[in-house]
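> Starting off with a structure, shown below.
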Amino acid sequence: MNHEIERFSCGLPVYNIRKDIKNTLCNQGRVLIVVADTGSGKSTQIPQYLVFDGIITPSQKILCSQPRKTAVCELAVRVAKETSLINYCLVNVPVYEDGLKPNLNAKINFITEKHLLDCIRNDPELSQFGCVMIDEVHERTVNTDMCLGMMKKVLRLRSDIKLVICSATLDPEPLLKYFSEFQAKKLEVPGRQYSIEICYEPPISGCRGIRSLMLDYVDRTVEKVINICEKEAKKQPFEDIFWEDSLETHAAHIMAFLSNPHETLIAEDRLSKRLTELKHSVKVKIVTLYGKMPVEDRIEIFAPLKSGYHHKVIFATNVGETSITIPGVRYIVDCGLAKVKKFDTTKRKNILELNLISKSAAKQRAGRAGRTAPGICYRLYSEEQYEEMESTNVPDILLTNLAEVVLYLISVGIMNPEEFDFIEKPDSSDLMHSLRLLRSLKAIECRETMLVVTQLGKMMQQLPVEPRLAKMVLDSVQYDLVAEVAVVCACVHVGSLFNRGDKRNKFVLADQKKLSFCEDSGDPMTSLAVFLQHIGTPNNRFRHWCLENYVNSKHMKSVFSIAYKICKIMSHLTSVNADIHKIDISKARTIIPTLFCRSFGSNLAMYSGLPERGYYDFNGKKYVFIHPSSALKYNDITPEFIVYECLVHTSNDFVLNVCTADPSWLHEIDHNVLEEERKNRLVPYDIRCGTATKRWIMTHKGILQQEVGVECIGKTRRDDPYRRLQIYVPVKSLPKLKSFIERVIEEKTNVLCRKTREVPILHADYVLHMSGGGKPLEILMPGEFCSMYIERSDINWIDDDACKNKLEEYFGKFGKITEFVTFGEEYQKKTGHSCLIRMENKEVAKRAFIYNIENHCDFNIEPRFGQKYLDTGGNFFHPSAYRLLIRWWRRPSCGYGEIKLKSRDFDQRMYAFNVISEHFGHFQPSLVSEDFMTRNPNISVDDLYKVKLQSLPLDINNKRLLHILGPVLDAYDIEFDEVYVVRKKNYPVEDKRDLEKHSQRISDHIIRVAKNAVDGNGYPFEVKIRAPKHSNDIEFLAFVLFSDMNIGIHVGHALKEAAKNGLTLEMGPVNHMHEAYIQEMFHYQIKVPRILFNAIFDDLRDIYEIIDHKDIDFNYRSDTYSKLYHLFISGENFEQVPRCFDFLTNYVVFTIYIFHFARSRCMPTPIHFSSVNKVKAAIDKVIDGYTIKCRDGERVDGDKLPCHQLLTK
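Residue 2 is where the sequence shown starts when you use the numbering used here, and the numbers rise one by one after that.
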C-alpha cells in the first residue's frame, strides 16, 4: 500500500513536507497551516498522509471540508481511486441528493463546510474524528469563517483532536495568531509540479479599473478561446495524457472564467456559432461550469472526452477556481471579473455586483492549468491592472446577510452572537439586525433568559434556502401549497429563468415570449407559470421548448432539483406529500403573493409617482427601480407598493424578484408611518403658462426647490402639442407650489404686457403694432415703423453695460422703450445689426430717428419696416406661385403593348383572347400560335402566353393602359401578370449638358410663342428639369416657374393658342421627337411652426374635406432643419385653387394670432376650427370694410370708430 501511495505522490511538491506534517502535528502543536501552490497535491495527498503516517489513531476518522460540492465529489473520487483496497472502503464518495447528507463511515470523509458545521452541532466534540482538514481557506466564505470559529471551540473541548488548514494563496499570520493557544505552526511548499506561463494584455493608456475590463469582456473571452482553438486544431498527432488509471489522447482543453452563469451560456452559444462561421476543422466539446448546476451536467465536465471530439472548452464561473482538476486543461482564459450576491451592511439589502477579482482569486484561476502538464494562463487585463487588485478576497462574513449565521450560533447554544470568537468579527449592528429578522420570522424566541431556536427555526435550518424563503415554505403547509411555494423559492434561489440572448434583434422576440408567462402579481407567480408549462412538456421536447421560449434550460433543471429536494425534506418534517408535478396555479395566485410579502416585508417600496424616480425604498431611504427583466415591467398599471428579494446596482439601483404588495398583509408595518410617507409621493401639477414663464421656471430650478422643496422635478409633457410644463411635487408641498407658480405667472405676465410686438397681416400691406396682452395699439402703414436696428457689429453685450445704458438713455428721452433685443456675435457679423429697439408707438420712434440724423448723434440707426409682398415696381401681389408642368417621353412608345397571361392552358388563353378582341378590337389584339413558334426560332415559349395589342396611342402609359383594360379583365376572371406598353431602347442617363439643351429648347419655345407676354422682361421665368435617375426611366418632367402670376397666366394662354394653330413644343430623343404635354399649375404654399401644425392637424383634415376636388392637391411636408411644416395647395383651376388657399391661410393666420395671443397672456388657449372661423369672419369684415374709412377719419353708421377698437373685436 505504501508503495502505491509513493507511486502517486512522490512526483507532487507536497511530498517534500510529508515528514514535517507528522512531526508538527504529533510533537509541536495541534494546528497546522499549510500554504502550497495550486497543483501541488495538498488537497489529495495530505488526507492520505494523516491516515497512513499514524497521525490519528486507528479508531479515529478524518473530515476534509471544501467550500463547494463540486470539489468535494471530484476530490473524493480521485482519492478513492488512489487508495482503493479490496474489501475495505478507505474513502467515502459523498452524494448530496434529496436533501440527505452522506454517511461518514469511511476513514477519509470529504464533506462540504456546511456539512461540517452540522456535524459540530450534532456532536460538539466530533468524538469519532481525530483530525479535521479545512481546505481552500483563502476563499473566506461565511461557512469557512464559521468552521474556523467552531473548530476553535472543539479544540478547547478535546485535547487530542488536530486541525489542518490549507490554502494556495493564504496569508498565514492572522490564523497563526487566532490559533496561537494551540501552538499553531505553518508549513510552506515551494513550487508546483508543472509550470504555468502567465500572459497579460498590453496596457491601454487611460484605461484602468473595472470599467475598462467590463468593455465587451464576454466577446473578448470568446475571441481568445477561438485563437487557442485554431492553434490546437493544427496539433496532430495528439499528445498522450496520463490521468489516474487511464490514458487519454486529445488536444489540450481550455477553461475560460466569466462572471456569472448567464454569461457562460452566452459564451457557449457565441463560440459555437463563431466556430461554425469560421468552418473550424475539428470538433470541439463546449460545456459550462457554475454553482447549483444539475449533477448529470457536472459529471459531464469531468468525464473523459468522447471519440470524435478534438478537445474541450469549459466556460466557468468562480465556482471552478478551487480544488478542481479537469484532466487535460492546459489553457486558462481569465476575464478578471466576478459577479457575486452580497449583503450591503449599511443598506441592509442583498445586492448583486460585478467586481474585480482579487490577486488570490487570479492565482487560483491560473492554477486550474498546470496540474497534469505545463499550462498557459491568458489574463485579459494588463499587469498594471493586476497590481491594482486587492491581495485577498474580503471575508464574506463582513458582506453577507448574517441571519443563517445567527440562527446556527443560537442552535449550538451561543446565546449572544456578539460573544462568538470570529476570526474577523462582523459589525454588532448587523448581528442585531439578523436577530430582529429571525424574531420576526419566529425562528427564535426568548425562554426565560435564554434565546432558543423554535421548532419552526429548526425546520428552517433543514431547508436548502435562506431563512426567509424557508419561512415561506413552512407557512405554505396550512394552505396546502407546499409544492407551489417550493418551486417559487427554488426559482428565487437559482435566479432568472429567462435568456434574452446576446443580439439586439432577438430582444423583442424574447420579451414577447416572456410576456406570455407574465403574471400581474409579479415575478414569483411568473416563475411558477413558467415551471407549470415546463413540467407539462415531454422530455424529448424539453430543450426545444426552452429555446423556443428563451428559457434557461440549465437553470430550469436546477429549479426542478431544488424544488424536489425541498418537497422531500418537507415530507420528512411534516408528513406532507407534495408533488411538484401537480401544481394548482389558481389557488397559488391568491396565496403566494401574500406569503412572499410577509417573508420579505422589510423590503417594502412605494411608487414615487414619477417613472424617472422609480420606487421609494422605506428601509434604504432612497429611490430604486424595478429591473427591466421583472414581469412587473410589462404591467399596464404601476403598482403602488412592491416587495422585493434583492437589489442589484448597475447603472441604477434595481430590485429583483419583485411582487406587488398590499400593506394590510404586513402586520409589522406601522400604518401611521405609512400614511405619512404617502404624503411624500410625487404628483404632477400642470402649469398653464406661456413660453417665457416656462423657460424662466426651467432655468431657475434652484429658486423653485428653495421655495417649494428639493423634491420638485420639472418635466415637459411630450404628448401635449403645447408642451405644457409639469412639476412633480410631494402631495404635502402642493399648496406651496401653486402659490409660487401663481406669483411667477403674475410677475411674468406683467413684464410681457409691458412689451409690444409687430404682427404682419397676410394679404395686407400694413403691420399691426400690438401690446404684449394682445391688444392692437396702432397700424403701421408702408414706410411707418416703431422698431429700429442699431448698426454695429462688435458689441459684447455680456461685458459692455455702458453701451446698453447709453442707448437706453438716448431713446428714453423720446418715450417708453417696450423691447430691447440684443444680438449675439455671429448674428452681428452676419447682419451688421447689434440690437433692435422697439418704442411705444411710431411717432416716438420717428422722432428718435429724425433727431439722430439732424443732430449727427453717434448712432447708426436703421428703421425696421414690416414684411410686405411687393413686386419690383412696388405693387402689391398675391404670394402665390404659377407654374407650367411639361412632360415628354424619354423612351417613346413603339405603338403596341402586351398583356402577359398567368394561365398556361390553351383553352384559357383562347378565352382571354376572345374577351379582349370583343371589348378592345380597336387595339388590334393578336395571339402567337404554337405552329408559328415552331417555324420561327426567334419566338420563345413565353410569347405564347402574351396577347399583343398592335395599335396603341403614342401618348398612353402603363398606368393608363391598366386603367382601361383592368376592369374588363377582372370582370371576366382573367388572371394576368402584367400589362405594359413596349417602348424604345434604354438610353444612358443624360448629363448636365443634355439637360441644359432641353431647358434652352423650352425657353426658346416660350419666348417665340408668347413674345407679347414676356416682351421687355427678358426671361421672367425659370425652367427646372427633373433629372432621370436610371437608364430605363420613361418620362421627362420639367417645371416652368413664374414669380409674377399674371405673366405666367399670359404665357399659358399664349401656349394654348399656339398649340391650336399647330405650333407645338416638340421634345424627345433624336429621331423620335414628339409633342410635349403642357399643363398649367397654381401652387400656393404657407409655412407654419411644427408646434402649431401638431395643434391644428385634426382641423386640417376637416379643411381637406371641405376643399377636396379632383383637380386640387392639398398636402404638406416637413422641414427637418427649420422645424417648419409647408402646407400647399396646387391644381389647374384658376378660380378654385386661390379660393381654397384663401380659406386655408385665413384659418392658419388667425390661428397663429390666437395662438400668440394666448402665449403672450401665459395661457395656452385650445384652438377650435369653428371658433377660429368666427373670429376670422369678424376681423375680415373689419379689415376689408371699415379700417380704411377709419384711417381717413370718416364715420361709420354715424359714429367715429378708432380702428384699434374695431380690431379688438
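We put the beta carbon where it would ideally sit given N, CA and C, even for glycine.
In chain order, what residues of the same chain have a beta carbon less than 7 angstroms from the beta carbon of V219, not counting five sequence neighbours either side?
These residues qualify, in order along the chain: L259, E264, I267 and A268.
> Going by DSSP in three states, W798 sits in which element: helix, strand or coil?
Looking at W798 - three-state DSSP - the assignment turns out to be coil, as it is neither helix nor strand.
> Quick one: is S181 buried, meaning 16 or more other Cβ sit within 10 Å of its Cβ, or exposed?
Answer is exposed; the Cβ neighbour count stays below 16.
> With respect to the beta strand (DSSP E) encompassing K313, which residues constitute its N-terminal and C-terminal limits?
Run containing K313: H312 to A317, per the beta strand (DSSP E) assignment.
> With respect to the alpha helix (DSSP H) encompassing S477, which residues constitute its N-terminal and C-terminal limits?
Element bounds for S477: n/a, residue is neither H nor E.
> For M526, count the other beta carbons within 10 Å of its own beta carbon; 16 or more makes it buried, fewer makes it exposed. Which is it?
Flag for M526 reads buried.
> Looking at V1071: is its Cβ nearer than 8 angstroms to the Cβ of I887?
No.
> Let me confirm a value: F907 is counted as buried when at least 16 other C-beta atoms fall within 10 Å, else exposed. Which label applies?
The residue in question, F907, is exposed, as its Cβ has fewer than 16 Cβ neighbours within 10 Å.
> Does H1031 pass the burial test, meaning 16 or more other C-beta atoms within 10 Å, or should it be called exposed?
Burial call: exposed.
> Determine the burial state of A1: buried for a count of at least 16 other Cβ atoms within 10 Å of its Cβ, exposed for fewer.
Residue 1 lies beyond the range of the chain shown here (2 to 1210); nothing can be said about it.
> When the distance is taken between beta carbons, is G150 closer than 8 angstroms to K62?
For K62 and G150, no; Cβs fall outside 8 angstroms.
> Using three-state DSSP, classify L611 as helix, strand or coil.
If DSSP states are grouped into helix, strand and coil, L611 belongs with coil.
> In the DSSP assignment, find the beta strand (DSSP E) that holds I742 and state where it starts and stops.
Not the beta strand (DSSP E): I742 falls in the alpha helix (DSSP H), residues L735 to R755.
> Assuming contact is defined by CB atoms lying nearer than 8 angstroms, are F812 and M782 in contact in what I supplied?
No, they are not a contact pair.
> Does Y195 come out as helix, strand or coil in the three-state DSSP assignment?
Correct three-state label for Y195: coil.
> CB-CB under 7 angstroms to S927, same chain, minus the five flanking residues each way: which ones, in chain order?
Cβ within range, chain order: K949 and Q951.
> Where does T591 sit, in a helix, a strand or coil, going by DSSP?
The answer is helix: DSSP assigns T591 an H, G or I state.
> Can you name the residues that DSSP bridges to T661?
Answer by DSSP bridge pairing, in chain order: I643.
> From N17 to A37, what distance separates their C-alpha atoms?
When rounded, the distance between both Cα atoms is 11 angstroms.
> Just to confirm my understanding: we take L214, look at its own chain, exclude 5 residues before and 5 after, and list those with CB closer than 8 angstroms. What are they?
Contacts found: C336, G337, L338, L357, L381, Y382 and Q386.
> By DSSP, does Q1080 sit in helix, in strand, or in coil?
Correct three-state label for Q1080: strand.
> Please give me, in chain order, every unbroken run of the alpha helix (DSSP H) with length at least 4 that falls completely inside the region 351-417.
For the region 351-417, whole alpha helix (DSSP H) runs of length 4 or above, ordered along the chain, are 360-367, 384-389 and 404-412.
> Under 8 angstroms between the Cβ atoms of A484 and C598?
No, these two residues do not count as a Cβ contact at 8 angstroms.
> With a threshold of 7 angstroms on Cβ separation, who are the neighbours of I563 within its own chain once the five nearest residues in sequence on each side are excluded?
Cβ within range, chain order: P465, A491, H494 and V495.
> Got a sec? Which residues, its chain only, sit under 7 angstroms from F914 by beta carbon, not counting five neighbours each side?
Closer than 7 angstroms at the Cβ level, and outside the excluded window around F914, lie P926, L928 and V948.
> Compute the Euclidean distance between the alpha carbons of Y883 and H1051, then round it to the nearest angstrom.
Going by the C-alpha atoms only, they are around 11 angstroms apart.
> DSSP state of F921, grouped into three classes?
F921: coil per DSSP, three-state reduction.
> Report back the beta-carbon spacing between I791 and H834 to the nearest angstrom; my notes put them in contact at under 8 angstroms.
Indeed, because the Cβ distance is near 7 angstroms, the residues count as touching under 8 angstroms.
> Check whether the Cβ atoms of L452 and I411 lie closer than 8 angstroms to each other.
In this structure, I411 lies closer than 8 angstroms to L452 by Cβ.
> What does V760 pair with, by DSSP beta-bridge criteria?
Looking at the DSSP assignment, V760 forms a beta bridge with L769.
> Assuming contact is defined by CB atoms lying nearer than 8 angstroms, are K23 and I56 in contact in what I supplied?
In this structure, I56 lies closer than 8 angstroms to K23 by Cβ.
> Would the region 29-45 count as touching the region 163-172 if we require 3 or more Cβ pairs under 8 angstroms?
The region 29-45 vs the region 163-172: in contact.
> What is the C-beta distance between I327 and I302, in whole angstroms, given that I count them as a contact (C-beta under 8 angstroms)?
Confirmed, about 7 angstroms.
> Suppose the cutoff is 8 angstroms on Cβ atoms and the five residues either side in sequence are ignored; what does the same chain contact list for H281 look like?
Here the set comprises C230, E231 and A234.
> In chain order, what residues of the same chain lie with their CB nearer than 6 angstroms to the CB of A849, ignoring the 5 residues before and after it?
Within the same chain, A849 has close Cβ partners F812 and F815.
> To the nearest angstrom, how far is the alpha carbon of L216 from that of Q49?
Rounded to the nearest angstrom, the two C-alpha atoms are 46 angstroms apart.
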